[in-house]
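**Student:**
Numbering (this note's numbering), first residue to last: 60 to 353.
1. Around the Cβ of residue 89, are there at least 16 other Cβ atoms within 10 angstroms (buried) or fewer (exposed)?
2. Is it right to say residue 355 is buried, meaning 16 or more other beta carbons lie within 10 angstroms of its own, or is it exposed?
3. So, are the CB atoms of residue 293 and residue 334 less than 8 Å apart?
4. If I follow the unbroken alpha helix (DSSP H) through residue 186, where does it start and stop?
5. For the candidate residues 91, 75 and 164, whose alpha-carbon lies nearest to that of residue 46?
6. Since residue 139 contacts residue 122 with CB under 8 Å, what's their CB separation in whole angstroms?
7. Residue 322 and residue 105: beta carbons closer than 8 Å?
8. Is residue 284 helix, strand or coil by DSSP?
9. Can you round the beta-carbon distance between residue 306 and residue 66 to whole angstroms, since I take them to be within the 8 Å contact cut?
10. Are there 16 or more other CB atoms within 10 angstroms of the CB of residue 352, so buried, or fewer, so exposed?
11. Since residue 101 contacts residue 200 with CB under 8 Å, what's their CB separation in whole angstroms?
12. How should residue 278 be labelled, buried or exposed, when 16 other C-beta atoms within 10 angstroms of its C-beta is the threshold for buried?
13. Got a sec, what are the start and stop residues for the alpha helix (DSSP H) residue 248 sits in?
14. To the nearest angstrom, report how far apart residue 331 and residue 258 are at their CA atoms.
15. If you draw a straight line from the alpha carbon of residue 80 to that of residue 215, how long is it in whole angstroms?
16. Given a threshold of 16 other Cβ atoms within 10 Å of its Cβ, counted over all protein chains shown, does residue 196 qualify as buried or as exposed?
17. With 16 as the cutoff for other CB atoms within 10 Å, does residue 82 come out buried or exposed?
18. Where DSSP assigns a beta bridge to residue 363, which residues make up the other side?
19. Would you decide whether residue 163 is buried or exposed? Buried here means 16 or more other CB atoms lie within 10 Å of its CB.
20. Taking the Cβ atom as the reference point for each residue, do residue 120 and residue 185 lie within a distance shorter than 8 Å?
21. For residue 251 versus residue 241, is the C-beta distance shorter than 8 Å?
22. Figure out for me which residue from 165, 175 and 222 has the closest Cα to the Cα of residue 291.
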């Protein structure tokens with residue numbers, strides 16, 4: 060029996076409070092919305108669920124509150140097959156993301172709360188879990204010191220690192236150096252490139268561009284991997300789905316271009332349903348989808 064790839068995600072765990080509306084209100088304006096949903100989210104949890112649905116052994120490292128949101132999320136993650144033995148409850152509330160969806164696009168406000176407890180010391184206490192992984196995925200919805208510590212442990216132990224630099228912030232050169240792959244969107248990559256020479260990012264940069272696909276940079280050349288055309292319902296979580304798919308493919312030794320193509324398929328399928336995790340596909344569904352689009 061083929062051994063499952065071991066993917067560790069160090070990152071955020073949120074409850075997404077989603078309002079669907081025909082238009083976003085202006086300052087001081089009150090509008091009636093169409094629908095409201097509460098869905099488990101957070102870039103860390105999203106990427107963990109995406110990879111788990113694709114067949115990886117996924118362990119999530121993070122913090123949640125001891126509130127109803129936290130209890131609901133823990134139950135949900137277990138049901139998705141995510142190993143939550145390294146998710147710890149803290150005295151603060153569970154993080155929330157308030158999401159407004161209008162015409163298929165979204166605007167988001169995040170309150171980090173428990174995510175702020177994923178410090179360097181906390182991550183250090185999870186050293187063994189990271190050190191024995193095939194792939195580490197990190198994002199920037201937890202303290203930067205926690206991200207740096209996770210990447211440092213991975214680097215020391217030969218673990219491949221994917222950094223999804225969102226929400227974007229200034230990053231130390233040492234962190235960039237220790238990362239194998241960076242997966243920004245177009246806006247994030249513009250800020251990421253500022254003050255850096257291209258050699259520092261060459262071979263690492265994987266830019267997600269929505270309907271325009273993905274751009275990678277290899278040997279000083281920009282290469283475009285096209286997206287799949289699909290009827291979009293909600294783009295929330297598409298980038299996280301891509302990262303989960305990319306990690307799964309890379310962990311199986313798939314070449315970078317093919318891994319990005321696979322990630323594009325996972326991302327496309329995730330946009331067909333409302334909510335970050337709701338539409339994330341299984342490995343069988345992705346395989347069937349790619350066959351139908353070959």
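Each residue gets a CB set at the ideal place from its N, CA and C atoms; glycine is no exception. Every value quoted in this text rests on a predicted model; they were computed, and no experiment measured them.
**Tutor:** Let me lay it out:
1. exposed
2. This structure does not reach residue 355, given that the chain is present from 60 up to 353, and the question cannot be answered.
3. yes
4. 186–190
5. Limits of the chain in this structure are 60 at one end and 353 at the other, which puts residue 46 out of reach.
6. Between residue 122 and residue 139 the Cβ distance is about 18 Å, and since that is not below 8 Å, they are no contact.
7. no
8. strand
9. 5 Å
10. exposed
11. 6 Å
12. exposed
13. 245–252
14. 37 Å
15. 47 Å
16. buried
17. exposed
18. Residue numbering for the chain in the displayed model covers 60 to 353; residue 363 lies beyond these limits and cannot be assessed.
19. exposed
20. yes
21. yes
22. 165
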